[in-house]
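This report concerns only the one structure given below.
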Ligand SMILES: NC(=O)c1ccc[n+]([C@@H]2O[C@H](COP(=O)([O-])OP(=O)(O)OC[C@H]3O[C@@H](n4cnc5c(N)ncnc54)[C@H](O)[C@@H]3O)[C@@H](O)[C@H]2O)c1
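Numbering (our numbering), first residue to last: 562 to 702.
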């Protein structure tokens with residue numbers, strides 16, 4: 562199911578760095594889901610992280626370690642809330658919003674005098690949210 566609504570959902574995949582879990586991770590990433598993949602296999606997690614970088618959250622976790630599993634789940638939710646909180650538009654992009662910006666930059670008739678520029682497509686996070694985080698403004702609820 563494509564995850565292209567205005568608020569893409571996040572899924573946690575346990576055993577997500579190999580076999581069925583990895584295939585699920587890759588499938589969901591390809592259609593716009595945010596994926597947190599947990600696996601106890603450190604080398605497989607490193608490989609996943611190398612392949613997808615920041616597109617995936619890949620952490621070593623043994624799900625039989627209950628306190629660690631609970632902390633990992635809470636952390637995924639907290640990071641997501643913090644980023645949204647510091648994004649002026651209060652949502653994540655839908656994939657097409659990034660695709661149209663790419664097309665704009667590639668299309669010489671639309672961006673004929675733009676060269677070497679970085680165009681943030683981030684709901685205002687770089688301009689305002691990142692600055693808030695850097696200067697450490699107190700968080701609101
Ligand atoms: N592949 C099949 O055809 C098939 C069919 C039926 C059932 N299953 C079952 O489905 C499950 C997954 O199969 P697979 O082929 O993807 O196996 P796999 O070994 O390729 O992947 C399993 C992943 O889970 C991780 N893992 C195992 N225990 C963990 C733990 N406690 N905490 C975190 N990560 C853990 C492993 O490190 C590994 O990366 C297995 O239990 C398997 O028996 C597989």
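Heads up, the beta-carbon is just placed ideally off N, CA and C, and yes, glycines get one too.
Quick caveat: nothing in here was measured; it's all calculated off a predicted structure.
Looking only at 667, 584, 609 and 615, the smallest Cα-Cα distance to residue 677 is reached by 667.
Annotated three-state conformation of residue 600 is strand, per DSSP.
Using a 10 angstroms sphere on the CB of residue 618, the tally of other CB atoms reaches 16 or more, which defines it as buried. In chain order, 595, 597, 637 and 641 place their CB closer than 7 Å to the CB of residue 571, counting only its own chain and leaving out the 5 sequence neighbours on each side.
By the neighbour-count definition (other C-beta atoms within 10 Å, threshold 16), residue 606 is a buried residue. About 6 Å separates the CB atoms of residue 690 and residue 649; that is less than 8 Å, so the two are in contact. Nearest in C-alpha terms to residue 613, of all of 578, 670, 684 and 658, is 578. Not one heavy atom of ligand 1 is found less than 7 Å from the C-beta of residue 679.
For residue 581, the uninterrupted alpha helix (DSSP H) segment begins and ends at 580-591.
According to DSSP, residue 573 shares a beta bridge with 597.
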